[in-house]
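A.B. asks: With the numbering used here as the guide, the letters of the sequence shown map in order to residues 192 to 468. We put the beta carbon where it would ideally sit given N, CA and C, even for glycine. Because the structure is a prediction, the values reported are computed rather than measured.
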Amino acid sequence: MRRVLSYPASIKGFSQTFRWLCWNRFDYDLALASRTTRMARLVLSRWRAHAGRLVMRLFERRDRRRLNEAQTWELALFVAMFTVGALLLAVVLRHEKLPRLFAFAFTTVPGPTVDVVPHEEPAVASEMEEDEADAPSVANEKVTPAKGTEKPKVVAKPAREIRYYNGKKYEYVRTLRMRVTAYAPDYRCTKPYPGTHTASGLSVKTNGGRLVATDPHVVPTHWLVAVPGYAGGQAVPALDTGGRIKGHSVDVLLPTFDQAQDWGAQLLEVKVYRPVK
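#1: Restricting to runs no shorter than 4 residues, where is the alpha helix (DSSP H) found entirely within the segment 365-402?
#2: Cα separation between V246 and L266?
#3: Can you tell me whether P466 is buried or exposed? The criterion is at least 16 other CB atoms within 10 Å of its CB, across all chains shown.
#4: Check whether the Cβ atoms of V441 and T405 sit closer than 8 Å, and answer yes or no.
#5: So what's E260 in DSSP terms, helix, strand or just coil?
#6: How about S391 and T412: are their beta carbons less than 8 Å apart?
#7: Considering only DSSP beta bridges, list what L459 is partnered with.
#8: Measuring only the C-alpha atoms, how far is H241 from L235?
#9: State yes or no: is the C-beta of D431 within less than 8 Å of the C-beta of V403?
#10: In whole angstroms, what separates the C-alpha of C380 from that of G358?
#11: Should T227 be labelled buried (16 or more other beta-carbon atoms within 10 Å of its own) or exposed?
#12: Quick check: what's the CA-CA separation for N259 versus L268?
#13: Would you call T389 buried or exposed, if buried means 16 or more other Cβ atoms sit within 10 Å of its Cβ?
#14: Look at K376 and V364 and say whether their C-beta atoms are less than 8 Å apart.
#15: Taking the beta carbon of L284 as the centre, do at least 16 other beta carbons fall within 10 Å, making it buried, or is it exposed?
#16: In terms of residue numbering, what span does the alpha helix (DSSP H) encompassing A451 cover?
#17: Using beta-carbon positions only, say whether V443 and V463 come within less than 8 Å of one another.
#18: Answer yes or no: do R370 and A456 have a C-beta to C-beta separation smaller than 8 Å?
#19: If distances are taken between C-alpha atoms only, which option among K360, F448 and G386 comes closest to A426?
#20: What number of angstroms, rounded off, separates the C-alpha of I436 from the C-alpha of P407?
#21: Applying the 10 Å Cβ sphere with the 16-neighbour rule, what's the burial state of Y384?
#22: On the CB-based measure, 16 or more other CB atoms within 10 Å of its CB, does W264 come out buried or exposed?
#23: Using alpha carbons as the reference points, say which of K468, R257, T447 and A231 lies closest to A277.
#24: Considering only the alpha carbon of each residue, which of T366, G423 and I353 lies closest to H439?
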């Protein structure tokens, strides 16, 4: 005969039945948990009472006779049960896959580790002490001053590095490590400008077409720069600027577009000269 489950008459519908089943399951879990807790407490209290009685029984024996075989087995069994119970309790508490109702998290935050390096006394100090002990003492010796006193040498100041351009005098200021690129008086380089004149208003043929474009905030216009590998290392004027020439950048002028492409981009030590007033 087929067994039919009976539910309360007040519960109607599948959703209500499902909620009723879940609620009963939750009550069952709570009851099981509380029952397990009570059993554990009862066992622990009984073990404690039994251990107390056993210890009191042992200490109350004034004749200090040796335990008989039954008492020895009883004591060994109690110790074994206590050890096994402690181990099981430790395993249960440290197990991570138990339900949250029984699990307890014991986490320790690792502190900073400090590597202890053994202190070694330097051997140089001992060697110096031995040298001082072996050296003759000069505290009692008389020091006679030299007959003639040497005159201090006068060191001449280094001569300023001077360059001349267009009849004007320029002095060396500093050396900058700059990114050096190249351009040509070609529309592909000077777009949207025709490339016939520089930003200073002078022609690109000034100084034989040997000039550079710089950032005025780093190298002001009409100053001189000496770029290694350009114009034979001679100082050339900074007469042009550019939208992409910012900071420590220099754009050297070359005759053709192909030569400018072959130059590429290089990091060079560039000398800067300023006009002498």
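C.D. replies: According to the structure data:
#1: 378-381
#2: Within the sequence shown, numbered from 1, the residue matching residue 246 stands at position 55. Within the sequence shown, numbered from 1, the residue matching residue 266 stands at position 75. When rounded, the distance between both Cα atoms is 10 Å.
#3: Within the sequence shown, the letter at position 275 stands for residue 466. Classification of P466: exposed, given that the 10 Å Cβ count is below 16.
#4: As a working note, residue 441 is residue 250 in the sequence shown. As a working note, residue 405 is residue 214 in the sequence shown. Yes, Cβ-Cβ distance for V441 and T405 is below 8 Å.
#5: In the sequence shown, residue 260 corresponds to position 69, counting from 1. E260: helix per DSSP, three-state reduction.
#6: For the purposes of this step, residue 391 is identified with residue 200 of the sequence shown, where counting begins at 1. For the purposes of this step, residue 412 is identified with residue 221 of the sequence shown, where counting begins at 1. Result yes, Cβ atoms of S391 and T412 sit closer than 8 Å.
#7: Taking the sequence shown and counting its residues from 1, one reaches residue 459 at position 268. In DSSP, L459 forms a bridge with M369.
#8: Indexing the sequence shown from 1 puts residue 241 at position 50. Indexing the sequence shown from 1 puts residue 235 at position 44. Taking the straight line from one Cα to the other gives about 10 Å.
#9: Counting from one through the sequence shown, the residue named residue 431 turns up at place 240. Counting from one through the sequence shown, the residue named residue 403 turns up at place 212. In contact: D431 and V403 (Cβ atoms closer than 8 Å).
#10: Mapped onto the sequence shown, residue 380 falls at position 189. Mapped onto the sequence shown, residue 358 falls at position 167. Approximately 31 Å, taken between the alpha carbons.
#11: As a working mapping, residue 227 is identified with position 36 in the sequence shown. Answer is exposed; the Cβ neighbour count stays below 16.
#12: In the sequence shown, the residue the question calls residue 259 occupies position 68. In the sequence shown, the residue the question calls residue 268 occupies position 77. Taking the straight line from one Cα to the other gives about 14 Å.
#13: Taking the sequence shown and counting its residues from 1, one reaches residue 389 at position 198. By the neighbour-count rule (16 or more Cβ atoms within 10 Å), T389 is buried.
#14: If you number the sequence shown from 1, residue 376 lands on position 185. If you number the sequence shown from 1, residue 364 lands on position 173. Inspection of the sequence shows that residue 376 is occupied by Pro rather than by Lys. No.
#15: The count along the sequence shown starts at 1 and reaches residue 284 at position 93. L284 should be labelled exposed.
#16: For the purposes of this step, residue 451 is identified with residue 260 of the sequence shown, where counting begins at 1. Looking at the DSSP string, the run of the alpha helix (DSSP H) that includes A451 is F448 to W454.
#17: The count along the sequence shown starts at 1 and reaches residue 443 at position 252. The count along the sequence shown starts at 1 and reaches residue 463 at position 272. For V443 and V463, no; Cβs fall outside 8 Å.
#18: Walking along the sequence shown from the start, residue 370 turns up at place 179. Walking along the sequence shown from the start, residue 456 turns up at place 265. Their beta carbons are under 8 Å apart, which means R370 touches A456 by this criterion.
#19: Locating residue 426 in the sequence shown gives position 235, where the first residue counts as 1. Minimum Cα distance to A426 is reached at K360.
#20: Translated into the one-based positions of the sequence shown, residue 436 becomes position 245. Translated into the one-based positions of the sequence shown, residue 407 becomes position 216. Their backbone Cα atoms lie some 9 Å apart in a straight line.
#21: In the sequence shown, residue 384 corresponds to position 193, counting from 1. Y384 comes out exposed.
#22: Here residue 264 refers to the residue found at position 73 of the sequence shown. W264 comes out exposed.
#23: The count along the sequence shown starts at 1 and reaches residue 277 at position 86. If we check each option's Cα against that of A277, A231 comes out closest.
#24: By 1-based counting over the sequence shown, the position of residue 439 is 248. For H439, the nearest C-alpha among the options comes from T366.
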